[in-house]
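**Student:** Letter by letter, the sequence shown follows residues -24 to -1, 1 to 330 in mature numbering (1 follows the signal peptide of the UniProt record, and there is no 0). Note that beta-carbon positions come from the ideal geometry of N, C-alpha and C, so glycine has one too. Computed from a prediction, not measured in an experiment: that's the story for all the values here. Below is a structure I'd like to ask you about.
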Amino acid sequence: MKIRIINILAISLFAIVFSACDNADATQNDRRGGDVMEADYVVVKPTGVSSEISLSGSLMPAESAMLSAQASGKVIEIFFDEGQKVDKGQVLVRLDSREWLSQQNQLKAELATAEKDLERKQSLVDIQGVSAAAIDDAKLRVATIKASKEEIDVKLDYSTIRAPFSGTIGLRSVSVGAYLSAGAPVAQLVKLHPLKLEFSVPEKYAADIAVGQNVSFTISGNRNTFTGTVYAAEPAINESTRALRVRARVPNEKGLLIPGAFTDISISLDSIPNGLMIPTDAIVPKLNNQMVYKFENGKAKEVQVVPGIRKTSTIQIIEGLSANDTVMISGLLQVRNGMAIKAGNELTLESLEQ
């Protein structure tokens, strides 16, 4: 029994001595810097930050119309080239209207004769040289001829297809000599400046969208970021999609944007002038808390933070950090609170986003 107690005491004494030596070595190593971990860091600086929502949408022409014939006839003239810019009211296609012109001239002559006959009969009323029934018949004939002439006038107008607005005309579907039926398509006319950008905003963000608000977007195959301005929205949320349909107006003077293109949209919501942003990777989750490690007097200090607005690679810190704090962004798996740390490279948020 005494031998067992002596052995236990000897083992304990050895462990204490070994631990003391180990601590002494660690302290000595800390002083020398031989085993001190090196970590890169960022210096927290105030910057403007805003929360954003990302949406998808599509570009639409400001105006679009499929030009078609309103009357049937043979195409005798085409006055545009495919892809050409045209002005409002410009004649684009003319149909053969000789038959209608002939009918119009005949009706003009008949109308002139009928109107003279009516005037003559009305002049005889005072001397009772004509009956009231005869005058009524003359009036009816004048009205009937006028109606027929107006119908022919409309057909003659339909024989000429004009541009309803200024824009760019597309590929034509007819040729000179072809017979064009009423309603048959001729070509599509679109107005390319400005364009419309249509997108749907989820219900929870609908109240944050207002007329005059700017939206930014990108399109596939183009690295530029474009901007539009909200000009209208539906008066009610769609019950099926639980989203609000919105349209923005987009300048397109240079013609870089094409209607129908798919867009990736970004809309800024809340704006904070002096937000504190750090890399998202600097956050270390611990249970239900979010932690970061600061440099203080050559050692790592664990600090609990409250995150705010999250970006692609950065995150706002609402509580726990101050401007000019130094935050570790590497070695976070090995670091412990109070551990001696050697400063590595100072990085910036801009360099980390590249």
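Expressed to the nearest angstrom, what Euclidean distance is found between the alpha-carbon atoms of V281 and F271?
**Tutor:** 15 Å
**Student:** Taking only runs of the alpha helix (DSSP H) that begin and end inside the region 65 to 130, which ones reach a length of at least 4 residues, in chain order?
**Tutor:** 74 to 99
**Student:** Kindly indicate the opening and closing residues of the beta strand (DSSP E) around T256.
**Tutor:** Where T256 is concerned, there is no enclosing beta strand (DSSP E), given that its DSSP letter is neither H nor E.
**Student:** Is there contact between the region 112 to 125 and the region 84 to 99, where contact requires at least three CB pairs shorter than 8 Å?
**Tutor:** yes
**Student:** Who pairs with I33 in a beta bridge, going by DSSP?
**Tutor:** Before going on, a small fix: residue 33 reads as Gly here, not Ile. DSSP lists F175, T239 as the bridge partner or partners of G33.
**Student:** By alpha-carbon positions, which one of G33, L220, A114, V162 ends up nearest to F47?
**Tutor:** Reading off the sequence, residue 47 comes out as Ala, not Phe. Per the Cα distances, V162.
**Student:** Go through its chain and collect everything with a Cβ distance to M36's Cβ below 6 Å, but skip five positions before and after it.
**Tutor:** The beta carbon of M36 is closer than 6 Å to those of K172, E174, P235 in its chain, skipping five residues each way along the sequence.
**Student:** Quick check: what's the CA-CA separation for K230 versus V166?
**Tutor:** A direct Cα-Cα distance of roughly 15 Å separates K230 from V166.
**Student:** So, at 6 Å on beta carbons, what are the nonlocal neighbours of Q164 in its own chain, with the 5 sequence-adjacent residues on each side left out?
**Tutor:** M42, G146
**Student:** Given 8 Å as the limit, is there contact between the region 292 to 311 and the region 10 to 23, that is, 3 or more CB pairs closer than that?
**Tutor:** Because the criterion of three Cβ pairs below 8 Å is met, the region 292 to 311 and the region 10 to 23 touch.
**Student:** CB D246 to CB S26, shorter than 8 Å?
**Tutor:** yes
**Student:** Quick check: the Cα distance between D63 and Y134, rounded to an integer number of angstroms?
**Tutor:** 18 Å
**Student:** Excluding sequence positions up to five away, which residues of its chain have a Cβ less than 6 Å from the Cβ of G33?
**Tutor:** Spatial neighbours of G33 in its own chain (CB-CB distance under 6 Å, excluding positions within 5 residues in sequence) are listed in chain order as L173, E174, F175, T239, I241.
**Student:** Which first and last residues belong to the beta strand (DSSP E) in which R312 is found?
**Tutor:** Counting along the chain, R312 falls outside any beta strand (DSSP E), and DSSP gives it neither H nor E.
**Student:** Considering only DSSP beta bridges, list what L43 is partnered with.
**Tutor:** Looking at the DSSP assignment, L43 forms a beta bridge with A163.
**Student:** Can you give the Cα-Cα distance for N321 and E28, rounded to whole angstroms?
**Tutor:** 31 Å
**Student:** Touching or not, the region 200 to 207 and the region 178 to 190, by the rule of three or more beta carbon pairs under 8 Å?
**Tutor:** yes
**Student:** Helix, strand or coil: which one does DSSP assign to L323?
**Tutor:** Three-state result, L323: strand.
**Student:** Give the C-beta separation of R138 and G65 to the nearest angstrom, bearing in mind that I take them to be a contact with Cβ-Cβ under 8 Å.
**Tutor:** 5 Å
**Student:** Counting pairs of Cβ atoms below 8 Å between the region 145 to 159 and the region 123 to 130, do you hit three or more?
**Tutor:** no
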